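Asker: First to last, the protein sequences are chains A and B. Residue numbers for the first sequence follow my numbering, so the first one is 29 and each next one is one higher. Residue numbers for the second sequence follow my numbering, so the first one is 29 and each next one is one higher.
There are 2 protein chains.
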Amino acid sequence: MSAIDCLEIFKALSNEKRLEILQWLKEPHRYFSCAEGMDFEKYGVCVGYIQQRSGLTQSTISEYLAILKKAGLVESVRIGQWTYYKRNESVFKDLSRIIKTNI
Amino acid sequence: MSAIDCLEIFKALSNEKRLEILQWLKEPHRYFSCAEGMDFEKYGVCVGYIQQRSGLTQSTISEYLAILKKAGLVESVRIGQWTYYKRNESVFKDLSRIIKTNI
DNA sequence: TTGGGATATCGGGATAAGCCGATATACCTT
DNA sequence: AAGGTATATCGGCTTATCCCGATATCCCAA
């Protein structure tokens with residue numbers, strides 16, 4: 029059920045901007061300090077903030093977040109008009125272990 | 029100096045056949061049993077064996093091995109007319125650790 | 001020193017990824 | 001209901017990757 033698809037994950041990680049996004053989501057308060065007082069831990073960061081910081085267009089970022097989500101690296105929740113994305117840390121742990129033992 | 033380039037590694041890992049090759053090189057005696065008595069541990073496996081098992085052309089395999097090598101995932105040694113490739117396990121360990129702590 | 005075998009490199013056609021603008025959808029406010 | 005805001009999807013252009021056949025290089029044996 030939760031078997032991770034390494035090939036899809038590696039493809040998702042094969043893009044500089046997507047790697048950056050994952051860094052940002054790792055430390056939201058550091059990279060989105062503009063949004064003082066946001067509770068990033070709970071739901072993550074909304075698409076708009078990520079898009080602003082990226083310098084890419086809204087459509088591209090939306091697509092990139094979908095790629096990361098499809099690979100399982102992030103999860104999202106919609107609240108009102110906003111969609112919040114945050115990392116799925118367990119998948120990173122699984123990937124780390126699989127690389128050490130199975131790749 | 030030995031800082032690994034994650035983006036290049038992920039790109040190298042973003043191909044099904046290249047992932048297979050890495051599996052084969054992990055257990056040469058299992059996957060290249062045709063070559064009884066070979067000392068795979070020392071130098072690795074020669075390109076010809078890998079090519080035969082892959083079903084791809086010689087040029088493609090040569091290119092794929094070059095991609096894996098450029099990413100640091102394998103190393104090679106030329107002996108006579110043969111080039112032997114084997115895994116660079118330390119890079120896999122590094123990658124595993126980096127994914128756990130830095131990605 | 002020439003011929004043959006192993007591997008690397010080159011050129012190219014097919015397919016996928018990068019990234020955009022335009023448009024659609026979904027939700028919120030008034 | 002209508003307009004505004006946030007996000008997703010679509011169509012398309014550009015660039016990179018996949019994978020091949022042809023050719024070059026490098027090494028060995030006769």
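Ideal placement from N, C-alpha and C gives every residue a C-beta, glycine not left out. Model, not experiment: these values are computed from the prediction.
1) Cα separation between residue 6 of chain A and residue 47 of chain A?
2) At 7 Å on the CB atoms, spell out the chain B contacts of residue 44 of chain A, in chain order.
3) At least one CB of chain A closer than 8 Å to the CB of residue 127 of chain B: is that the case?
4) Taking all protein chains shown into account, decide if residue 42 of chain A is buried (16 or more other Cβ within 10 angstroms of its Cβ) or exposed.
5) With a threshold of 16 other CB atoms inside 10 Å of the CB of residue 73 of chain A, please say whether the residue is buried or exposed.
6) Which of the three DSSP states, helix, strand or coil, is assigned to residue 55 of chain A?
7) For chain A, find out if any of its Cβ atoms is closer than 8 Å to the Cβ of residue 124 of chain B; answer yes or no.
8) How is the alpha helix (DSSP H) around residue 85 of chain B delimited, first residue to last?
9) Hey, does residue 114 of chain B have any beta-carbon neighbour from chain A nearer than 8 Å?
Answerer: Taking the structure as given:
1) Because chain A spans 29 through 131 in this model, residue 6 of chain A falls outside it and cannot be assessed.
2) In chain order: 35.
3) So, interface residue.
4) Burial is judged here by how many other beta carbons sit within 10 angstroms of a residue's own beta carbon; residue 42 of chain A has at least 16 and is buried.
5) Residue 73 of chain A is buried by the Cβ-count criterion.
6) Residue 55 of chain A falls in the coil class under three-state DSSP.
7) Chain A contact via Cβ: present.
8) From DSSP, residue 85 of chain B is part of no alpha helix (DSSP H); its letter is neither H nor E.
9) So no, residue 114 of chain B is outside the interface.
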